[in-house]
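In our numbering, the protein residues as written are 11 to 472.
Shown next as structure tokens:
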């Protein structure tokens with residue numbers, strides 16, 4: 011008999027590099043110096059916590075002989091004492107120690123794998139690992155759009171960063187399993203879907219194919235030109251022999267981690283004048299706006315998360331955890347509604363036969379400056395399960411309505427009887443629409459069956 015759907019929790023663990031500066035969410039949110047964070051999470055009843063063991067912090071110069079494990083030792087000890095399992099991440103949108111390696115370094119996979127082995131030897135009780143969080147997303151932001159180090163803005167740097175990270179994941183799991191044979195791979199990636207006008211359908215098709223690359227590469231599915239991204243990766247400078255290495259020795263996830271946000275689903279429109287300039291992007295042949303689908307599509311997200319989970323289950327037939335659930339808003343009731351909505355969606359998809367294991371309440375203590383992808387320090391805060399700015403009288407983080415919902419889900423599996431949950435979320439009402447509405451008959455009929463001859467290679471997409 012299948013286990014009940016589990017409630018997991020996670021701390022926003024991004025540690026990104028912009029130029030020669032690091033943006034560390036653990037530092038920004040006070041986690042490095044605040045006592046009691048793990049007790050707060052454990053008291054919720056979460057069975058597993060996604061937690062980052064940052065390579066950059068533990069070995070800031072890359073030298074494992076001088077690695078400083080003291081902070082993570084204390085945290086991991088407390089998790090053990092409270093009986094909470096850890097899903098350990100080693101690189102969360104990062105690029106390794108400054109001056110020691112980078113995402114473009116040909117030796118990056120081997121260097122990273124050495125750290126992974128050291129972490130496994132230090133914490134042999136951890137059996138669930140995410141060596142690198144969201145490698146495709148990191149490759150886009152660091153190699154295609156230029157936001158994060160090494161600030162690449164080409165398909166070539168994107169492809170190399172992606173493949174380097176996948177190689178590193180495979181090598182890391184090999185080292186981890188040499189120490190911890192039952193270790194499992196929880197591979198996270200942002201998952202959405204792109205819609206478009208008829209004119210931009212080919213671009214949407216490209217993006218809807220590309221979104222699966224992390225899992226496809228690990229599963230050995232990118233093995234010849236039958237895969238739609240094979241030719242594109244070759245064009246971008248990846249050798250056929252490199253791709254075949256993944257096919258010859260696949261490292262499939264034990265659990266697929268789906269990170270999904272309301273902004274994960276996109277709409278592409280060549281009528282750029284309808285939208286703010288910050289949404290404008292281009293490929294080698296088109297200019298267009300790239301906007302949140304929920305803000306423009308007349309019939310909403312056309313299946314939303316339920317459709318995406320079903321898609322992943324059909325494609326891989328592997329267990330799935332929804333690994334990040336968070337909504338950036340000032341209204342904590344809306345955050346609670348989003349968590350409740352995702353939980354109910356997961357329960358529904360489980361009833362269809364899909365093996366959905368868990369829902370993760372993300373950003374336990376919130377996050378700073380994700381609105382600018384941490385390229386600026388504006389101190390724009392998004393609260394999580396706890397609010398670290400509007401605190402309790404004693405200065406401790408204040409539990410939000412989302413924490414109340416998470417606690418009920420963890421302890422009973424059911425939503426609490428809160429009046430706020432009886433109100434539809436903004437994404438379920440017409441309040442979501444802030445641009446001229448695009449109806450179904452204006453969309454490309456099927457963004458998954460684009461014309462290969464028209465497939466464009468994006469140079470920059472907002």
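By construction, the Cβ of each residue, glycine as well, lies at the ideal position given by its N, Cα and C atoms. Quantities reported herein were computed from a predicted structural model and do not represent experimental measurements.
**Message:** Checking 8 Å against the spacing of the C-beta atoms, do residue 330 and residue 319 come in under that value?
**Reply:** yes
**Message:** Which of the three DSSP states is assigned to residue 447 in this structure?
**Reply:** coil
**Request:** Take residue 368 and list the residues in its own chain whose beta-carbon comes closer than 6 Å to its own, dropping the five residues that flank it on each side.
**Result:** 16, 18, 331
**Request:** Please classify residue 145: is it buried, with 16 or more other beta-carbons within 10 angstroms of its beta-carbon, or exposed?
**Result:** buried
**Prompt:** If you follow the alpha helix (DSSP H) that residue 362 is part of, which residue opens it and which one closes it?
**Reply:** Where residue 362 is concerned, there is no enclosing alpha helix (DSSP H), given that its DSSP letter is neither H nor E.
**Request:** Give, in chain order, every unbroken run of the beta strand (DSSP E) that is at least 3 residues long and sits entirely within the stretch 302–338.
**Result:** 330–335
**Message:** Between which two residues does the beta strand (DSSP E) holding residue 135 run?
**Reply:** That residue, residue 135, is in no beta strand (DSSP E); it is neither H nor E in DSSP.
**Request:** Count the C-beta pairs between the stretch 339–347 and the stretch 35–52 that are closer than 8 Å, then say yes if the count reaches three, no if not.
**Result:** no
**Asked** Under a three-way DSSP split, which group does residue 64 fall into?
**Response** coil
**Outcome for residue 27 when other beta-carbon atoms lying within 10 angstroms are tallied against a minimum of 16** = buried
**Prompt:** Contact check, residue 306 vs residue 447 under 8 Å by CB: the rounded distance?
**Reply:** 7 Å
**Prompt:** How close, in whole Å, do the beta carbons of residue 50 and residue 407 come, if the pair is a contact with beta carbons under 8 Å?
**Reply:** 7 Å
**Item:** Cβ shell of residue 190 (< 8 Å), same chain only, five flanking positions each side left out
**Value:** 130, 134, 136, 137
**Per-residue burial, residue 8 [other beta carbons within 10 Å of its own, 16 or more giving buried]** = Nothing can be reported for residue 8, as the shown portion of the chain is limited to 11 through 472.
**Prompt:** Apart from the five residues on each side of it in sequence, which residues of its chain come closer than 6 Å, Cβ to Cβ, to residue 70?
**Reply:** 107
**Message:** So residue 171 and residue 114 are supposed to be a Cβ contact under 8 Å. How far apart are they, rounded?
**Reply:** 6 Å
**Request:** Would you list the one or two residues that DSSP bridges to residue 199?
**Result:** 268
**Request:** Could you check what DSSP says for residue 102 in three-state terms: helix, strand or coil?
**Result:** strand
**Prompt:** Thinking C-beta only, is residue 334 closer than 8 Å to residue 370?
**Reply:** yes
**Whole-angstrom distance between residue 350 and residue 166, CA atom to CA atom** = 41 Å
**Item:** residue 251: first and last residue of the uninterrupted alpha helix (DSSP H) it sits in
**Value:** 250–258
**Message:** My parser needs the alpha helix (DSSP H) runs of 4 or more residues fully inside the stretch 20–104; what are they?
**Reply:** 35–38, 47–54, 65–68, 80–92
**Prompt:** From residue 29 to residue 152, what does the alpha carbon distance come to, in whole angstroms?
**Reply:** 11 Å
**Request:** Starting from residue 277, trace the beta strand (DSSP E) both ways and give me its first and last residue.
**Result:** 276–279
**Message:** With H, G and I counted as helix, E and B as strand and the rest as coil, what does DSSP make of residue 453?
**Reply:** strand
**Message:** Within 8 Å, do at least three Cβ pairs link the stretch 248–264 to the stretch 215–232?
**Reply:** yes
**Prompt:** With burial defined as no fewer than 16 other Cβ atoms inside 10 Å of the residue's Cβ, what is the status of residue 245: buried or exposed?
**Reply:** exposed
**Message:** Here's the rule I'm using: 16 or more other beta-carbon atoms within 10 Å means buried, otherwise exposed. How should residue 434 be labelled?
**Reply:** exposed
**Under 8 Å between C-beta atoms of residue 54 and residue 416** = yes
**Item:** Beta carbon of residue 178 nearer than 8 Å to that of residue 118
**Value:** yes
**Prompt:** Distance, Cα to Cα, residue 112 vs residue 161?
**Reply:** 11 Å
**Prompt:** Per the contact definition of three or more C-beta pairs closer than 8 Å, is the stretch 236–252 in contact with the stretch 264–277?
**Reply:** no
**Message:** Suppose the cutoff is 6 Å on Cβ atoms and the five residues either side in sequence are ignored; what does the same chain contact list for residue 199 look like?
**Reply:** 144, 146, 224
**Prompt:** Cβ-heavy atom distance between residue 172 and the ligand COA below 7 Å?
**Reply:** Ligands displayed in this structure: none; no statement on the ligand COA is therefore possible.
**Prompt:** In the stretch 120–196, which residue ranges form an unbroken alpha helix (DSSP H) of at least 4 residues, counting only runs that do not cross its ends?
**Reply:** 145–149, 165–189
**Request:** Could you say which of 445, 23, 103 lies nearest to residue 285 if we only look at CA atoms?
**Result:** 445
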